[in-house]
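If you want it as structure tokens, here you go:
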């Protein structure tokens, strides 16, 4: 920061942008965007937020500057000079707030996201800017320098002027400003002169900002309609209008996947308009599904009280965007009161029921739409199973799984699985791993595939924490196919001839001696068809995928011991039995046994060191080539 002077009287402070801000601004200033017009949507959106805040504060604070000022956004343009001014009578900013709001990156994830976009395509979609809390900077798509003049609504506040060309620095100086609020002015680049035309400004406002809750004036003409869509009946709602409203409140550039109008009268009275996004919001990706601070907007008597009201919905449903408006709370309600209000608890209970009913209707009537929703938000819905016990049964019915009898990206419900089980099948089987391809290639699946028994394929990391907690569905236990206590003995593989006991016992004994403490036990397998060995979990042990997830969270967690099952009808095992009969001290036998065990570990992603595995493999190849 350095000090310059302005006519020798007012000090002008120069600040340097942080490194990450410079990167972001460089990307915005020097990239070719597909929607430069959204600069106006972003500026109006910021003005609207400032007006909402001052309106809310004025309910309880008598000392606000200009209490009687009209809450409005005013735009003026000069077509000849290519100049633009947008002014609001909102909450304004102090010097500290100017630095915090206009000098730093607003949201985590922004830079990673912008960097990814930069690498993927030459043209960046300007629409995405607003989603990441950097909307103000979109002005640099249409101008080379911006001036912001602002005065906070707090009593005794000073006016300040902020100026930047979006390069490396910005300046702040104190000014005389009579009214509270913020005024932003700049001159359009020659390439953006279309935006200095009245018809173009009107067109953009109608397209993006028609639902701003305050009048937007261009000169004396009001451009927006200010309509509380959620107060209308379902028959009065038009899809295109509803979608523009969704984009406005959700900061999304796509239409909503679906919407739900709600009108409730009785113990509590409220209206709501709720939206299902097409894709998971960026925060869910960048903050590992953290939805804690999301939620629909809360209005009381058409006045915005809370932008993202977390108390309106349980956490696993907070990806739902929209508006909830009630007359059963007082206008000057504080956020603490909102949290503990019995009215809010009742609204939350009713909304949760309505939303889950909405999902059920989509699943029945619009399966493709439901599939899009489930692909985006299925993992979050599953989390609700272990947190919302009231609606647990409804959530279980919403679950969808790939299985050995579905294609990729095709789903089966537990109900469908249960109804098509064979008469002698008493359990619902699942198999968990990292991908469909890896699951289908696993030896543990061979018996089930051979017998035509359907197995659910769980590749979503959330599944291993959630699905075992269901325990049973329709009185049929859910069981991992890894569990060693599945009884296959009554249905041995008739096609294969098992080893007689006098040959089998020495093989198992030598396997146990060779692997020692590395395994819990070595037993004859009845589940394998074409593979020589596989690893399974003991009766009380963790599913291997569950153990892998637990280790990721707690790296010092010791690995649980597994049971090695041996396919006694496999040629390799039969050959080993012959070698033991001939000379059980042949070192190749133990080498082969270690290799089989580590191969099974490798298949599961549990082999920590591959060096010994590779050198042992070379030893076996050498022995095989020597014997030719």
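Numbering (this note's numbering), first residue to last: 2 to 629.
C-beta: ideal position from N, C-alpha, C; glycine also.
Since we're looking at a predicted model, the values are computed, not measured.
Check, Outcome
"If you follow the alpha helix (DSSP H) that residue 188 is part of, which residue opens it and which one closes it?", "It is not in any alpha helix (DSSP H) - residue 188 instead sits in the beta strand (DSSP E) that spans 182 to 189."
"Could you check whether the stretch 82 to 100 touches the stretch 179 to 195, counting it as contact only if at least three pairs of C-beta atoms, one from each stretch, sit closer than 8 Å?", "yes"
"Does the stretch 507 to 524 come close enough to the stretch 589 to 606 that 3 or more CB-CB pairs lie under 8 Å?", "yes"
"Restricting to runs no shorter than 3 residues, where is the beta strand (DSSP E) found entirely within the stretch 405 to 466?", "429 to 433 and 456 to 459"
"Can you find the residues in the same chain that come closer than 7 Å, C-beta to C-beta, to residue 99, ignoring five residues on each side of it along the sequence?", "151, 161, 163 and 173"
"If you count every other CB in all the chains shown that lies within 10 Å of the CB of residue 298, and 16 or more means buried, which is it?", "buried"
"To the nearest angstrom, how far is the alpha carbon of residue 472 from that of residue 612?", "40 Å"
"Below 7 Å CB to CB, which residues in the same chain sit around residue 286 once its five sequence neighbours on both sides are set aside?", "Caution is warranted here: a pLDDT of 46 is assigned to residue 286, below 50, making its placement in the model unreliable, and the coordinate value is therefore given only provisionally. Closer than 7 Å at Cβ, skipping near neighbours: no residue."
"What is the DSSP secondary structure of residue 123, counted as helix, strand or coil?", "In this prediction, residue 123 scores a pLDDT of 49, lower than 50, which makes its location untrustworthy; the coordinate-derived value is nonetheless stated afterwards. Three-state DSSP puts residue 123 in coil, outside helix and strand."
"If we ignore side chains and look at the alpha-carbon of each, how far apart do residue 200 and residue 317 end up?", "44 Å"
"If you compare alpha carbons, which of 351, 627 and 221 is closest to residue 267?", "351"
"How far does the alpha helix (DSSP H) with residue 596 in it reach, from first residue to last?", "588 to 605"
"If we count Cβ pairs, one from each stretch, closer than 8 Å, do we get three or more for the stretch 85 to 96 versus the stretch 51 to 66?", "yes"
"Pick from 406, 101, 403 and 381: whose alpha carbon is nearest that of residue 396?", "381"
"Could you pull out every residue in the same chain whose Cβ sits closer than 6 Å to the Cβ of residue 262, ignoring the five residues on either side in sequence?", "235 and 274"
"Taking only heavy atoms of the ligand FAD into account, decide whether any of them is closer than 7 Å to the Cβ of residue 429.", "Absent from the structure shown: the ligand FAD. Ligands present: none."
"Apart from the five residues just before and just after residue 244, which ones in its own chain have a Cβ nearer than 7 Å to its Cβ?", "256 and 257"
"Just grab the DSSP bridge partners of residue 578 for me.", "Residue 578 is not bridged to any residue."
"If the criterion is Cβ atoms closer than 8 Å, does the pair residue 276 and residue 322 meet it?", "yes"
"Considering only their Cβ atoms, is the gap separating residue 271 from residue 326 smaller than 8 Å?", "yes"
"Threshold first: 4 residues or longer. Then list the alpha helix (DSSP H) segments lying entirely within the stretch 312 to 385, N to C.", "336 to 341, 343 to 366 and 368 to 384"
"Count the other CB atoms, across all protein chains shown, that sit within 10 Å of the CB of residue 433; report buried if there are 16 or more and exposed otherwise.", "buried"
"Less than 8 Å between C-beta atoms, sequence neighbours within five positions excluded: which residues of the same chain meet that for residue 148?", "162, 163, 164, 185, 186 and 187"
"What does a CB cutoff of less than 7 Å around residue 198 pick up in its chain, not counting 5 residues either side in sequence?", "80"
"Taking only three categories from DSSP, how would you classify residue 270?", "coil"
"Between the Cα of residue 603 and the Cα atoms of 536, 391, 623 and 580, which residue gives the shortest distance?", "536"
"Could you give the first and the last residue of the continuous alpha helix (DSSP H) run that contains residue 241?", "240 to 251"
"For residue 178, tell me which candidate among 167, 158, 68 and 315 has the shortest Cα-Cα distance.", "158"
"Touch check for the stretch 456 to 471 and the stretch 420 to 427: three-plus C-beta pairs under 8 Å?", "no"
"Three or more C-beta pairs under 8 Å: does that hold for the stretch 211 to 229 against the stretch 69 to 76?", "yes"
"Where residue 501 and residue 372 are concerned, what is the direct C-alpha to C-alpha distance, given to the nearest angstrom?", "51 Å"
"Given residue 460, which residues of its chain have a CB within under 7 Å of its CB, disregarding the five upstream and five downstream residues?", "434, 435, 436, 437 and 440"
"From the DSSP secondary-structure annotation, give me the bridge partner or partners of residue 535.", "566"
"Per DSSP, what kind of secondary structure is residue 297 in: helix, strand or coil?", "coil"
"Nearest to residue 331 by alpha carbon, out of 167, 451, 304 and 507?", "304"
"Check the Cβ-Cβ distances between residue 191 and every residue of chain C, and say whether any is below 8 Å.", "Annotation note: the requested chain C is absent from the structure, which comprises a single protein chain."
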